[in-house]
Each structure stands twice: as structure tokens, then as C-alpha cells.
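Each remark here refers to the structure printed beneath this line.
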Amino acid sequence: MIYLDSAATSFHRPPEVKKALEAALSMGNPGRGGHRAAMEAAKALYGAREAFAAHFGASPERVCFFYNATTALNTAVKTLLPKGGRLLLSDMEHNALRRPALALKKAGVTVDRFNGYGSEEEIEKSFSEALKKKPDLAAFLHVSNICPQTLPVKKLCALARRAGVMTVIDCAQSGGHLKLDLNAVGADGFVFPSHKGLWGVPGAGILVAGERAAALFERAGTLMEGGSGMHSFEEGMPALLPERLEWGTPALPAILSASAGLKAVSEIGEEEIAGKISKLARQTAEGIASIRGLRLRGMEGTPGECGPLLFTCGGGESALAQRLYDEGICLREGYHCAPWAHETVGTEKTGGLRVSFSYFSTKKEIARFLWILNRAVESGVN
Amino acid sequence: MKQENGSGLRRFCVIAMPSLTYALQGEALLGGAGFPLSVIKLPAGATKKGCSYGLQVECRRLEEAVRRLEARGIRHGELIR
Numbered sequence: 000m001i002y003l004d005s006a007a008t009s010f011h012r013p014p015e016v017k018k019a020l021e022a023a024l025s026m027g028n029p030g031r032g033g034h035r036a037a038m039e040a041a042k043a044l045y046g047a048r049e050a051f052a053a054h055f056g057a058s059p060e061r062v063c064f065f066y067n068a069t070t071a072l073n074t075a076v077k078t079l080l081p082k083g084g085r086l087l088l089s090d091m092e093h094n095a096l097r098r099p100a101l102a103l104k105k106a107g108v109t110v111d112r113f114n115g116y117g118s119e120e121e122i123e124k125s126f127s128e129a130l131k132k133k134p135d136l137a138a139f140l141h142v143s144n145i146c147p148q149t150l151p152v153k154k155l156c157a158l159a160r161r162a163g164v165m166t167v168i169d170c171a172q173s174g175g176h177l178k179l180d181l182n183a184v185g186a187d188g189f190v191f192p193s194h195k196g197l198w199g200v201p202g203a204g205i206l207v208a209g210e211r212a213a214a215l216f217e218r219a220g221t222l223m224e225g226g227s228g229m230h231s232f233e234e235g236m237p238a239l240l241p242e243r244l245e246w247g248t249p250a251l252p253a254i255l256s257a258s259a260g261l262k263a264v265s266e267i268g269e270e271e272i273a274g275k276i277s278k279l280a281r282q283t284a285e286g287i288a289s290i291r292g293l294r295l296r297g298m299e300g301t302p303g304e305c306g307p308l309l310f311t312c313g314g315g316e317s318a319l320a321q322r323l324y325d326e327g328i329c330l331r332e333g334y335h336c337a338p339w340a341h342e343t344v345g346t347e348k349t350g351g352l353r354v355s356f357s358y359f360s361t362k363k364e365i366a367r368f369l370w371i372l373n374r375a376v377e378s379g380v381n
Numbered sequence: 000m001k002q003e004n005g006s007g008l009r010r011f012c013v014i015a016m017p018s019l020t021y022a023l024q025g026e027a028l029l030g031g032a033g034f035p036l037s038v039i040k041l042p043a044g045a046t047k048k049g050c051s052y053g054l055q056v057e058c059r060r061l062e063e064a065v066r067r068l069e070a071r072g073i074r075h076g077e078l079i080r
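Line order of the protein sequences matches chains A and B. The first sequence maps to residues 0 to 381 in numbering that gives the first Met the number 0. The second sequence maps to residues 0 to 80 in numbering that gives the first Met the number 0.
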């Protein structure tokens, strides 16, 4: 089997992640009691907060844990946006932001989109134009989940900051692959899933909030409520982050596995990781481009170092994917929960086959995949 | 609160903390500075709000501990002597 679906989830994980996951299975419930098992779990959870905070440029109390990146993004957007406010997104968003935005639109929020596909200059120009409409919040992805398009987040955040607009970045495809620091980027929040570039298991989403966003989270109402392990007689959630946004038992195994994954990422370094992925992507792109009948899509923008590749075959994409599945190739076809992005790159009618890489993918695997792909196309399966 | 430490009785005081995260943040700061301390769950009924956590430190070093927390912007609650 050759796994080329890392944009969906990590498949190969370093041993320290498995060790952390196993350790979490013998812990109590953090923040629920003062006995040894609960306190050990609380200390482990706090250690994860410290690790995320140090890596992404925040303080530990501004690291909030959710159940996936979608929950974190929903919480960020729906809490930071005032009632009847204005939300700005890119036209490349995954449904993790598109669907909350469309639901907010029905509730009276104005939703604008800027062009997130093209040269950096084109994207900046479109974003600047959209800022003139004075959005309350700009939320957008860093790296597309269908193609290598990478948004110039640092420049966009600088423009937003000058316009007094808050920014939340969906780092689902860039976390663990590209070096990210909240202060260096100038964003008000980063959101990551536990299970992609951070190499943890699914089950947690991580919001790293800047000071300005944290203050607003502590003033605004809460999206959900529930047990927090403290102040039980209070009607609402605790006043301060992170507990204000953490309803119910935290997903300790997922959080600790992602924290161990982050440590492994730090030891290797994002530069090394992105460099390897970039080389594998180049090898794959050259191979696909050389196969008659296949067409790489989404390459006209600003391809970054770590995004996935998308290709079509002129009809019969599903049949081709099925043939590849039968041969043990794990890639993904269809729309990848990103209909806006497919409209933007012109694949809304066919969808496409997506190939995505991890640090653990190898040149040999790519060569084998290309050989199988070539054979399938030559045999006329599509 | 009094505890035996072999060379006599030591009095302990508690700094109530607004959350467990702040208690652990305080522990990291003060523990790193060599304070003997522990994070404790405050007894039920210690606050009207319900369960909460605190930092147990030696009373003789209470003021210094509070000063260090405040200097680092770590929020705290009442002092229980």
C-alpha cells in the first residue's frame, strides 16, 4: 500500500506519538479532582499547552483545545464576529469555514470573499479591496487542501491589522509543515487539527489565540457550555481562557499525541519537512505531467512547498481512482469538502484526484505510484 | 494550615487561582524559582462558585510568591492564610 492522502490525515506516525497515546490511556480526567491520576493528567495537558504556546508564539492560557479544527474554527468565527457583522473569507475555503459562513449568512451576517488563487500581488489586491468594506473578521486558509496554492498570510495579516480587522488562519494543511509564529505572521489566531501535520491522532483541534482575540473571547458569549471541572455553581462558563472555551472532558489522548508529534516536528524542523515534501511533489508533478491524458490542476496560482497536487483525466476520474485503490494506492478523488476551491480552479464539474504527501512518503513510493498510474491510464481504464 | 517537616512545624498558605491552567502556570513559574509548593484542589465550599484550585506555599514566602505571579501577569484570587 502507498499512502498519499496525508492532507486528509497522517497515516505514518513517529514512535513517540504512539508512546504518548498509550500513556494517555492510563491517566485520569484533567481538572476533574485533586487526586494523583487527575493531577497527572492536568499536568500533562498543561505541558501540551506550554509546548503549543512556545512553538506557535503565544502564552499557555491562550492555547485552547477543541474536538477538531472545524469546532475550533466555528467557535472562533461565531464568537469573534459581532451579531449582524461582516465576515471575509477567501474563495479557496474548505467547508470548515465555508459552511459556518453560509450558516451565519442566514442569520444576518454579511459574507464577502476575496480571491485566494493567483499571484501574491493578485491576492493582496483582492484582499485590500475587500477590506474597504470594513469586515469585522477575516478568516482564511493558509494552504489549500486541493492544490498547492499558498496564501501570503503574513502580508494579508499586515493589511488586515492596518485596517483594524482581526484574522484567524486555518492552518490545517500548513501546521507542522511550515514554520508558524503568531507574532511573526501577525495573526489573531491559528487553528490546527491534531491529526495532520502534527502527526497526532484525530480528536482534537487547537486554537492558538493572540492577545487581542483572547481578550475578546473573554468578553464575548460562549458558543457552547458544559462542565469545566471548576466553579460548578456559576451559570456560565469560566471567565478566562482556556477553560472558557473548553466545554466537557478534553480529548487528552489526541492532544497528548499531537503534542508529542509537535516535538518530533520541532526536532526535524519544518524547513526540512517542507523541503522533503516539496521534492516529492515536484517528482510527482513531473511524472503526472508526462502521462498523456492527465492534466495537473490548480497550478496557476502561487504553489507553496507543502500543498497537495490535483489532477484530472478528462472524464472518468472516479474509475481511475477506483483502479488505483485496487492497486493499493491511497489517494482521494472527488471534491475534498472544498466546492468553492474547485469552482475557483475550474474543476467544479469533475472534481479531481488529489495526491498529498507527508515527511514519511518516499521517492520510491512516488516512482511506484507513477508507474501504476501510467499503466492504468494506458490501459484506458478511464 | 500546619505540617510537620522534621525540623518543626511549617505553616502553609494558599493562593486561590482563577483556574487550573493559571494554577499550573503559577506552579511552573514559582517551582522554577525554587519555591516549595504544590497545586491543590481547594476544599468544597472554599469559594461560593464551587470547585477551584490553588497554590499551596509556605506562609513566610506568600508575599514574595504573589509578587512574582503579579510581575509575570499571572492572575490570582484571594489569599488564604
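By construction, the Cβ of each residue, glycine as well, lies at the ideal position given by its N, Cα and C atoms.
**Message:** Distance cutoff 8 Å, beta carbons only. Does L38 (chain B) sit that close to anything in chain A?
**Reply:** Inspection of the sequence shows that residue 38 (chain B) is occupied by Val rather than by Leu. Closer than 8 Å to some Cβ of chain A, the Cβ of V38 (chain B) qualifies, so yes.
**Message:** Please tell me whether R296 (chain A) has its Cβ less than 8 Å away from any Cβ of chain B.
**Reply:** Closer than 8 Å: no.
**Prompt:** Taking the DSSP output, what are the residues bridged to L308 (chain A)?
**Reply:** L308 (chain A) has A:V354 as its beta-bridge partners, per DSSP.
**Request:** Mind checking the segment 19-36 of chain B against chain A and listing, in chain order, the residues whose C-beta falls within less than 8 Å of any C-beta there?
**Result:** Result list: L19, T20, Y21, L23, Q24, A27.
**Asked** Which word fits S118 (chain A), buried or exposed, when buried means at least 16 other C-beta atoms lie within 10 angstroms of its C-beta?
**Response** Classification of S118 (chain A): exposed, given that the 10 Å Cβ count is below 16.
**Asked** Does the separation of the CB atoms of P249 (chain A) and E60 (chain A) fall below 8 Å?
**Response** Contact: no.
**Message:** So C50 (chain B) contacts chain A; which residues on that side make the cut at Cβ distance below 8 Å?
**Reply:** The contact set of C50 (chain B) on chain A, defined by CB atoms closer than 8 Å, consists of G228, M229, H230, S231 in chain order.
**Message:** Can you give me the C-alpha to C-alpha distance between G247 (chain A) and L19 (chain B), rounded to a whole angstrom?
**Reply:** Cα-Cα distance, rounded: 15 Å.
**Inter-stretch contact (C-beta, 8 Å, three-pair minimum) for the segment 306-324 of chain A and the segment 226-237 of chain A** = Cβ pair count under 8 Å is below three, so no.
**Message:** Strictly below 9 Å CB to CB, what residues from chain B border P302 (chain A)?
**Reply:** Those within 9 Å of P302 (chain A) in chain B number zero; the least Cβ separation is about 40 Å.
**Request:** Starting from the beta carbon of K262 (chain A), find every residue of chain B whose beta carbon is closer than 9 Å, and list them in chain order.
**Result:** Correct list: empty, because the minimum Cβ distance to chain B is about 17 Å.
**Prompt:** Curious, which full-length alpha helix (DSSP H) runs of at least 4 residues does the segment 2-80 of chain B contain?
**Reply:** At a cut-off of 4 residues, the continuous stretches assigned as alpha helix (DSSP H) that sit fully inside the segment 2-80 of chain B are 19-31, 61-70.
**Message:** I'd like to confirm something about A186 (chain A): is its beta-carbon nearer than 7 Å to some heavy atom of the ligand ADP, or not?
**Reply:** The ligand ADP is not among the ligands present in this structure, which contains no ligands whatsoever.
**Asked** CA-CA distance, G27 (chain A) and A37 (chain A)?
**Response** Taking C-alpha positions only, G27 (chain A) is separated from A37 (chain A) by approximately 4 Å.
**Asked** Of all Cβ atoms in chain B, is any one closer than 8 Å to the Cβ of A41 (chain A)?
**Response** Interface residue, yes.
**Request:** Classify P13 (chain A) as helix, strand or coil using the three-state DSSP reduction.
**Result:** Reduced to three states, the DSSP call for P13 (chain A) is coil.
**Asked** What is the residue span of the alpha helix (DSSP H) that T343 (chain A) lies within?
**Response** Membership of T343 (chain A) in the alpha helix (DSSP H) is indicated by the continuous run 338-344.
**Asked** What residues of chain B sit near L239 (chain A), judged by a beta carbon separation below 9 Å?
**Response** Under the 9 Å cutoff, chain B gives P17, S18, T20, Y21, R74.
**Request:** Could you tell me whether the Cβ atoms of K153 (chain A) and V184 (chain A) are closer together than 8 Å?
**Result:** Contact flag set, yes.
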